[in-house]
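Engineer: The following block contains the structure, expressed as structure tokens.
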Amino acid sequence: MSFASMRFAHAPFLQTQLQALKTSLLKSTAAEQVALAALAKSECAQLCNLVMTHLPRELRDMVYQHLVPSTTRISREYFRSIRDPISGLHTYDAANWKAAHYPEHYWDASYVGAPFLHELTQIYFLTSTFAFGDDDGLIEQFLTTDLMDVGYAPAELVSRVEVYLNAMTYDRTTCVGYMFGCATKPERLVAALRGVEGLKEGASLCVHFETRAADGEVRDKQIGTVCDAVRPCLREVEKKGCKVRLVVDKNDADWTG
1 MSFASMRFAH APFLQTQLQA LKTSLLKSTA AEQVALAALA KSECAQLCNL
51 VMTHLPRELR DMVYQHLVPS TTRISREYFR SIRDPISGLH TYDAANWKAA
101 HYPEHYWDAS YVGAPFLHEL TQIYFLTSTF AFGDDDGLIE QFLTTDLMDV
151 GYAPAELVSR VEVYLNAMTY DRTTCVGYMF GCATKPERLV AALRGVEGLK
201 EGASLCVHFE TRAADGEVRD KQIGTVCDAV RPCLREVEKK GCKVRLVVDK
251 NDADWTG
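Spelled out as structure tokens, the structure:
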């Protein structure tokens, strides 16, 4: 038998051996990953327990402020969890939702413990700025829904809300509106603010309005439209003891006139 024939004859055997090695490596890797994950949880839990035991609340709050985002943008997608790869549908399971929007390990009680997570969530709501667009009802839904499963609604703690409105809307219901935009209706401006009256006393509300005008007259008209539309709502929020600002094209505007 020639050398080439012998090499060819051994090929199936070598392939079988190679596949066996791959399978063994996969099993070993999976086991190691499980062990590493368990070790990481244990080490993290011990560290967080030390933080909770030995640091006063003031210092713990400083730790939390390094972890929470300074700004969170709230859109329709915020209320959905990840898309299921099999069904192709969005699910609304609480665990999947949290894993999708807060994937960092310090949002997981199995890593940090329930007391640490509870205080972290408090600081998140107290110190972060929550930004919204002109979607109807999102502010109300966010403030009144305990998605984090902490036993209270965000409205009890949220201190800063910003709303971004635009003079023009690119409406998909018409070709002209989608391509060139159309003036945002006052009703849509009002609907975008629905729910801000649920902010706690002392909270800050800033409404940003961007004009789209070729000349000063059109711009003044757009500013007048937004002021007339949002004035009643902003007054109501201000009466509750909230700090209210209207910013037009990145400049403070007088909405009380």
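So the sequence shown is residues 1 to 257, counted in full-length UniProt numbering.
Even for Gly, the Cβ is constructed at its ideal location relative to N, Cα and C.
Since we're looking at a predicted model, the values are computed, not measured.
According to DSSP, is Tyr-170 helix, strand or coil?
Structural biologist: Looking at Tyr-170 - three-state DSSP - the assignment turns out to be coil, as it is neither helix nor strand.
Engineer: Go ahead and label Arg-60 buried or exposed: buried means 16 or more other beta carbons lie within 10 angstroms of its beta carbon, across all protein chains shown.
Structural biologist: Looking at its Cβ environment, which holds 16 or more other Cβ atoms inside 10 Å, Arg-60 is buried.
Engineer: Could you compute how far the alpha carbon of Leu-143 sits from the alpha carbon of Glu-43?
Structural biologist: Using only the alpha carbons, I get a separation of about 35 Å.
Engineer: Is Asp-220 helix, strand or coil when you go by DSSP?
Structural biologist: Correct three-state label for Asp-220: helix.
Engineer: What is the DSSP secondary structure of Lys-185, counted as helix, strand or coil?
Structural biologist: It is coil, neither helix nor strand.
Engineer: Nearest by alpha-carbon distance to Thr-211: which of Val-226, Val-51, Ser-204 is it?
Structural biologist: Thr-211 has its Cα closest to that of Val-226, out of Val-226, Val-51, Ser-204.
Engineer: Secondary structure at Ala-229, three-state DSSP: helix, strand or coil?
Structural biologist: Correct three-state label for Ala-229: helix.
Engineer: Based on Cα-Cα distance, which residue from Leu-67, Ile-223, Tyr-124, Val-150 lies nearest to Lys-185?
Structural biologist: Comparing Cα-Cα distances from Lys-185 to each of Leu-67, Ile-223, Tyr-124, Val-150, the minimum goes to Ile-223.
Engineer: Once DSSP output is grouped into helix, strand and coil, what is the label at Arg-80?
Structural biologist: If DSSP states are grouped into helix, strand and coil, Arg-80 belongs with coil.
Engineer: Cβ of residue 264 within 8 Å of Cβ of Val-158?
Structural biologist: Shown here, the chain extends from 1 to 257; a query on residue 264 therefore has no answer.
Engineer: Work out the CA separation of Glu-32 and Leu-55 for me, nearest whole Å.
Structural biologist: Cα to Cα, Leu-55 sits roughly 34 Å from Glu-32.
Engineer: Within the continuous beta strand (DSSP E) that includes Leu-138, where are the two ends?
Structural biologist: Where Leu-138 is concerned, there is no enclosing beta strand (DSSP E), although the alpha helix (DSSP H) it sits in stretches over 138-144.
Engineer: Over the uninterrupted beta strand (DSSP E) stretch that includes Arg-245, give me the two end residues.
Structural biologist: Taken as a continuous stretch (DSSP letters only), the beta strand (DSSP E) holding Arg-245 covers 243-248.
Engineer: Could you compute how far the alpha carbon of Val-244 sits from the alpha carbon of Leu-199?
Structural biologist: The straight-line gap from Cα to Cα measures roughly 11 Å.
Engineer: Do you know offhand how far Leu-21's Cα is from Ala-35's?
Structural biologist: Those two C-alpha atoms are separated by around 21 Å.
Engineer: Under DSSP, the alpha helix (DSSP H) around Arg-212 begins and ends at which residues?
Structural biologist: Looking at the DSSP string, Arg-212 is not in any alpha helix (DSSP H), and its letter there is neither H nor E.
Engineer: Ordered along the chain, which non-local residues of its own chain (more than five positions away) have a Cβ less than 6 Å from that of Leu-126?
Structural biologist: Around Leu-126: Leu-157, Ser-159.
Engineer: Is it right to say Met-148 is buried, meaning 16 or more other beta carbons lie within 10 angstroms of its own, or is it exposed?
Structural biologist: So Met-148 counts as buried.
Engineer: Which runs of the alpha helix (DSSP H) at least 4 residues long sit entirely within the segment 102-129? Give them in chain order.
Structural biologist: The segment 102-129 contains these whole alpha helix (DSSP H) runs: 109-112, 114-127.
Engineer: Would you mind sorting His-114 into buried or exposed? The rule is 16 or more other CB atoms within 10 Å of its CB.
Structural biologist: It should be pointed out that residue 114 corresponds to Ala in this sequence rather than to His. By the neighbour-count rule (16 or more Cβ atoms within 10 Å), Ala-114 is not buried but exposed.
Engineer: Using the Cα positions of Gly-241 and Val-63, report the straight-line distance between them to the nearest angstrom.
Structural biologist: Taking the straight line from one Cα to the other gives about 30 Å.
Engineer: What is the residue span of the beta strand (DSSP E) that Arg-73 lies within?
Structural biologist: Taken as a continuous stretch (DSSP letters only), the beta strand (DSSP E) holding Arg-73 covers 71-74.
Engineer: On the DSSP bridge assignment, give the partners of Phe-132 in chain order.
Structural biologist: Per DSSP, Ile-74, Val-163.
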